[in-house]
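Heads up: the sequence lines are chains A and B, in that order. FYI, the numbering used here numbers position 248 of the first sequence as 269, with every residue one higher than the one before it. FYI, the numbering used here numbers position 35 of the second sequence as 21, with every residue one higher than the one before it. The beta carbon of each residue, even a glycine, is placed where N, CA and C say it ideally should be. Before any comments, here is the structure.
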Amino acid sequence: MTARRSLDLKIALSVLVAFVLSLAFSWFVHYRLAERDVYALIDRTFMNVESEIIDCVNERLVIQCMAVRELLDEGYPDDTASLQALARSRNITEISVADSNGDIIRSSDPEYLAGPGKPAFNFKTAGGRAEDMMCLVDGQETEFCQPFRSNTANGAWRKFVGVWKPSGGFVEIGCDGPSLRALSRASIVDLFRNWRVGGTGGIVVTTASGLILTDYDEPNREGSQWIEPDNTFFWKRKDVESFPTYVMIPKKSAAVQRDVLVGATATLNGLALVFVAILVGIVISSFVRQQIHAQAAKDLKMAKDIQLSALPNVFPPFPEVQNFSIWAAMDTAKEVGGDFYDFYFTGRDRVLFLVADVSGKGVPAAMFMMRAKTLIKSAAQTGKSIVQVFDEVNDALCEGNTSNTFVTVWAGELNINTGHVIYVNAGHNFPIVKHGGKCEFLKSRPSLVLGAMEGCKYRVGELQMEPGDAIYLYTDGITEQTNAAGELYGDARLLNLVSGSKEREGKLLESVLADVRRHAADAEQADDCTQLVLRYRGAPNVFTREYAPTTEGIAAAVDDLAAALETVPDADKARLMVAADEIFANIMRYSGATSWSLTVERAHCPDGVRLIISDDGKPFDPLDVRDPDTTLRAEERDVGGLGIFIVKKTMSPVIYKRQNGKNILTMGKDYGN
Amino acid sequence: MTIAVNGRVDTVTAPELEAGLKFGDATCVVLDLANVPYMSSAGLRLLLTAHKTMLAKGGELQIANVQSAVKEVFDITGFSDIFNLA
């Protein structure tokens, strides 16, 4: 499974788990919320139910009480036995009559009446809530009901209701549970018959023994034994005025409400999670992509650094040599290409120079390039002929070359004194040769590229250069650069530019590159552009002589030098004479030399002079001497160090070597073009 | 007082020039270098010494008609400022 697939799976799994957890949580929360809501509803219902039942019961009993009062007023006997009979007949537990003082004067219960050594029951002083009945006497109320409760006198549960007597005092009746229920039941049943709670719930009222008085549900269970509901109901029981009362709501209705909410929450959750998952997936994959790019860019940079650091990049590379001048440049494309150039002495007067192009791109091409370059140099600097070098290097590159990488090379070996060049073209572009002022491609039958086939034979070509001639090498990154329309830069345009150029080497290479870029315009540089130009100047005229470290010696050297520089323009001649004089003077005064020598090399195409002054005195590097401060005023000025300073400022190059016990200073000027 | 110098001034010819730089009591001496193709630090040394001597006497040494090669050396070494050559 790819990393991406596995990552997607992990994200999907996390989303699923998160979703399930949030679903469970939300289900749980909503269940609890729904449950709480239902019980709140039940409690509120009970408040209503209670007050309704109480009102109902009170009403029934007040009616009874009033009836009793009417009867008594009409003359019904009010002795104890008669009252007892009356009570029984009306389903009342006790009847009492009180006077305006609150004393009971008639009662069905003889205990309340005054007797020998015992006062009558007095509402004012009896304690409990009996005193409340006294409101009937004051005329505040015409009827008064007390709740069904445990009677303080004898612990029995009673409900007392009283109605006032206009003539003074009041009539009171008391009911126990059974009588209360008997009197009220019909009204209670009527009251609750159609009372629904929360749409699907309702109220059940039973007798004390559990016989159902009212039922709200279908089938109607009135008259049957009450059974506590199972856990498909939310319910509560309260005993109201002796009636066990149940408010119940089926869980299903709450469940529906809860399920709807959970469903809605879950859907939103699900959507949000999916959205987040997609976002996370995008962020992660873009981050990963970014990392990959950054790594690839790092690798690319490393390969480029390998490429560039391996090539000689100091120009001019041999300033003391005037027989030829050489310049090279490589401009890399975005992708690492594997071009290279190289040049070095393979003998005292032979220099090898080459340009090469490795097939392929990237780090493998860069590594192949390093190998090829090193192999060629090692072989060339052991004194082998150029053909031998190619044969050897080819075999070495073919070995283990499973990627079939190859390299095209154009290499030449120049004899810097004779101007003779031997070259091999291994599948590379034809160089441009400037001969006698005219430029043309040096066409030769190319040999095979290096690294393709073992045991390949390499053909050698020859070329004779005269002072002023030049040879220009390049890779196909130059000629095959396309513009946006797909047109190549081309051989013709390159030849044209190089032929017409009057610039010095470094400037020529820059001009070519600029022209290629102009051609490419908006198109990207497709390949490395490598160039190398070598200009042959010929062996310089040389004059050498030894002198004594005396004024006479210097005088002789000065005369010889003036003669050797005869045709040099006056300005440069003056500079050279002054610089030489400074060095001669130093040798005479400070070196302790026993003899010294002057060598004058005059080079042409372009013109230049090198003075090589050598002495056997103590080691002295003029370049080490500190510059004097030329800003001081006359009074502060010192004459020390001026000579060397003048030399450093007027001569280029200035090169010091200590060799074989001798100081060797090479200085000179190039003044021709 | 004007003194004309003829020929190059270097290690070999400096002693000759030194001998010729005798100013006596003159307080303002002009050295005409029109015929001097080039001058090395040997010459500069002499000029500086002579200039300091003149300054100490309350006089001055002036340089005139320097050729381009000599001017270049004067510029490089800061002697152009010392002798007020533009």
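Membership of N438/A in any alpha helix (DSSP H) is not indicated, and neither H nor E is assigned to it by DSSP.
For E483/A, the secondary structure class from DSSP, reduced to helix, strand or coil, is strand. About 15 Å separates the Cβ atoms of Q546/A and L530/A, ruling out a contact at the 8 Å cut-off.
Taking 8 Å as the Cβ-Cβ cut-off, the region 349 to 375 of chain A has no residue approaching chain B.
The residue from D236/A, E262/A, W216/A with its alpha-carbon nearest to that of A229/A is E262/A. In terms of Cα proximity to T221/A, the closest of F255/A, D280/A, D548/A is F255/A. Within the model, the alpha-carbon separation for V428/A versus T500/A is close to 17 Å. Annotation: the continuous alpha helix (DSSP H) that includes V414/A extends over 407 to 419.
Residues N344, N438 of the same chain have their beta carbon placed closer than 6 Å to that of A560/A, with the five preceding and five following residues left out of the count. Under the three-state reduction of DSSP output, N290/A falls in the helix class. Against I492/A, chain B offers no close residue; the least beta-carbon distance is about 37 Å (beta-carbon pairs closer than 8 Å). The beta-carbon of K670/A is placed less than 8 Å from the nearest beta-carbon of chain B.
Of all residues in the region 578 to 606 of chain A, those with a C-beta nearer than 8 Å to a C-beta of chain B are V579, D591, A592, A595, R596, M598, V599, D602, E603, F605, A606, reading in chain order.
Sequence-distant Cβ neighbours of D548/A in its own chain, meaning closer than 6 Å and more than five residues away, are A354, G358, G498. C-alpha of F60/B to C-alpha of E434/A: approximately 46 Å in a straight line. The way I'd put it, the region 45 to 55 of chain A doesn't touch the region 238 to 250 of chain A; fewer than three beta-carbon pairs between them come closer than 8 Å. Inter-residue distance for N446/A and V481/A is about 8 Å (C-alpha atoms, whole angstroms).
Per DSSP, reduced to three states, the secondary structure at K325/A is helical. Three or more Cβ pairs closer than 8 Å define a contact, and the region 313 to 332 of chain A meets that threshold against the region 388 to 401 of chain A. Between A417/A and L375/A, the gap from beta carbon to beta carbon reaches 8 Å or more. P337/A has its alpha-carbon roughly 32 Å from the corresponding atom of G472/A. CA-CA distance, G613/A to M(-13)/B, rounds to 41 Å. Residue range 101 to 111 is occupied by the alpha helix (DSSP H) that includes L104/A. With contact defined as three or more Cβ pairs closer than 8 Å, the region 175 to 189 of chain A and the region 148 to 167 of chain A are in contact. Counting only residues of its own chain and dropping the five nearest sequence neighbours on each side, M672/A has a CB closer than 6 Å to the CB of A600, M688. S26/B and D602/A do touch by the CB rule: their CB atoms are close to 4 Å apart, below 8 Å. Under DSSP, no beta-bridge partner is assigned to K523/A. For I68/B, the residues of chain A that pass the 8 Å Cβ criterion are R654, A655, R658, in the order they occur in the chain. Only those residues of the region 674 to 688 of chain A whose C-beta falls short of 9 Å from the nearest C-beta of chain B would be listed, and there are none.
Chain-order list of chain B residues neighbouring F666/A: S27, I62, T63, by C-beta distance under 9 Å. The C-beta of K690/A has 16 or more other C-beta atoms within 10 Å across all chains shown, which makes the residue buried.
I224/A and V277/A have their alpha carbons spaced roughly 21 Å apart. Using a Cβ-Cβ distance cut-off of 8 Å, the region 77 to 91 of chain A and the region 162 to 172 of chain A are in contact, since at least three pairs of beta carbons, one from each stretch, lie closer than that value. Residue environment for Y24/B: buried (at least 16 other C-beta atoms within 10 angstroms of its C-beta). For R556/A, the uninterrupted beta strand (DSSP E) segment begins and ends at 550 to 557. Per DSSP, reduced to three states, the secondary structure at L204/A is helical.
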